[in-house]
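Trainee: Here it is, the structure, as structure tokens.
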Amino acid sequence: MAATAFELVWGDGVVPSWLVGLTLLFLLLMPILRSMFPKTCGVAIKQGGKGAFLLAFEITCAGPLAYCAYEGVVAWVYKLDDFTTPEQRLYGVSPFAVKVMQANFAFQVWDFSVSLFHRELNSPEMLTHHALAALMCYWGLTMPYMHYYAIYFMGVVEISSVPLVLVDICKYYPELQRRFPALDLGSKVCFGVLFVAVRDIVWVKTAIAVWTDGVGILRAGNFPPQYPGWITASVLVAQLFFTCLQVVWTKQLFQGLADLLRGDADGGEKKEK
Numbered sequence: 127m128a129a130t131a132f133e134l135v136w137g138d139g140v141v142p143s144w145l146v147g148l149t150l151l152f153l154l155l156m157p158i159l160r161s162m163f164p165k166t167c168g169v170a171i172k173q174g175g176k177g178a179f180l181l182a183f184e185i186t187c188a189g190p191l192a193y194c195a196y197e198g199v200v201a202w203v204y205k206l207d208d209f210t211t212p213e214q215r216l217y218g219v220s221p222f223a224v225k226v227m228q229a230n231f232a233f234q235v236w237d238f239s240v241s242l243f244h245r246e247l248n249s250p251e252m253l254t255h256h257a258l259a260a261l262m263c264y265w266g267l268t269m270p271y272m273h274y275y276a277i278y279f280m281g282v283v284e285i286s287s288v289p290l291v292l293v294d295i296c297k298y299y300p301e302l303q304r305r306f307p308a309l310d311l312g313s314k315v316c317f318g319v320l321f322v323a324v325r326d327i328v329w330v331k332t333a334i335a336v337w338t339d340g341v342g343i344l345r346a347g348n349f350p351p352q353y354p355g356w357i358t359a360s361v362l363v364a365q366l367f368f369t370c371l372q373v374v375w376t377k378q379l380f381q382g383l384a385d386l387l388r389g390d391a392d393g394g395e396k397k398e399k
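Just so we're aligned, residue 127 is where the sequence shown starts under this note's numbering, counting upward by one.
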């Protein structure tokens, strides 16, 4: 008997473990950070301070982002020799993609839920990003679908999000930026280089491949019954949305670079986790 969608996502305990682990870490970090950094995190938001919410959030994010990036890069470079045809890239199964999508699905669900509670995190485009990314992971795990491309878009690209954690921490807590200017500058440079590499240059190449494979399958009409055409079309539309976000974020990145060169320490970085 084939496994149900519920069993494929939740059955082995990986996704629940990620969700519980992220939540517990976040909740544990809040009082710890307030006691360790009373001047930075000890003043509540309602009293004009920053509180510990954003710092705990960013530190918690670092774990799943680094994991997805590591698993994605290793698989993308060394583990995908068998994905040579459009059918294999769309319908082939990879255990490495499952690891990436399980972690990313849990992270996106957790990020969406936590972001609802802070105005710095709950912009409509970011909530939409989290919801669509979670949906793509859900389809990828349950159908299964597009494991080849999931390794890149849910794994490799997160390598740019790891230094962004430090960038955002310095942005949300300017006193840390002033105390550790080298760390702030280094994280911005690292983020900018990685962003352009994986979210602009290679992203465009991989997005073109997604559209070439997807549109080719739709035109031929030879997709298997369990992969209806509307699923492929929906993935292509979602991919277009994500690509548009990269364009917007790239514009903000270069605006931030211009601000940095003019001496504006805040820059113009944009969350893309």
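Think of the CB as a built atom: it goes at the ideal place given N, C-alpha and C, for glycine as much as any other residue.
Compute the Euclidean distance between the alpha carbons of Gly174 and Leu159, then round it to the nearest angstrom.
Mentor: Caution is warranted here: a pLDDT of 49 is assigned to Gly174, below 50, making its placement in the model unreliable, and no coordinate value can be reported.
Trainee: Flag this pair as yes or no: are the beta carbons of Pro289 and Phe317 separated by less than 8 Å?
Mentor: Yes, the Cβ-Cβ distance between Pro289 and Phe317 is below 8 Å.
Trainee: Nearest-angstrom Cα distance between Gln303 and Lys297?
Mentor: Computed Cα separation, rounded: 7 Å.
Trainee: Taking the alpha-carbon positions, what's the Gln228 to Arg345 distance?
Mentor: Rounded to the nearest angstrom, the two C-alpha atoms are 31 Å apart.
Trainee: Lys314 lies in the alpha helix (DSSP H); which residues open and close that run?
Mentor: Per DSSP, Lys314 belongs to the alpha helix (DSSP H) from Pro307 to Val322.
Trainee: I believe Val282 touches Ala195 by the beta-carbon criterion, under 8 Å. Please report the beta-carbon distance rounded to the nearest angstrom.
Mentor: Contact holds; Cβ gap of about 7 Å.
Trainee: Where does Arg215 fall in DSSP's three states?
Mentor: Arg215: helix per DSSP, three-state reduction.
Trainee: What does a CB cutoff of less than 8 Å around Pro157 pick up in its chain, not counting 5 residues either side in sequence?
Mentor: Around Pro157: Ala178.
Trainee: Would you tell me roughly how many angstroms separate the C-alpha atoms of Thr358 and Cys187, rounded to the nearest one?
Mentor: The alpha-carbon atoms of Thr358 and Cys187 are separated by roughly 30 Å.
Trainee: Alpha carbon to alpha carbon, how far is Val293 from Ala260? Give it in angstroms, no decimals.
Mentor: Straight-line Cα distance between these residues: approximately 24 Å.
Trainee: Please classify Thr130 as buried or exposed, where buried requires at least 16 neighbouring CB atoms within 10 angstroms.
Mentor: Counting Cβ neighbours within 10 Å, Thr130 comes out exposed, since fewer than 16 surround it.
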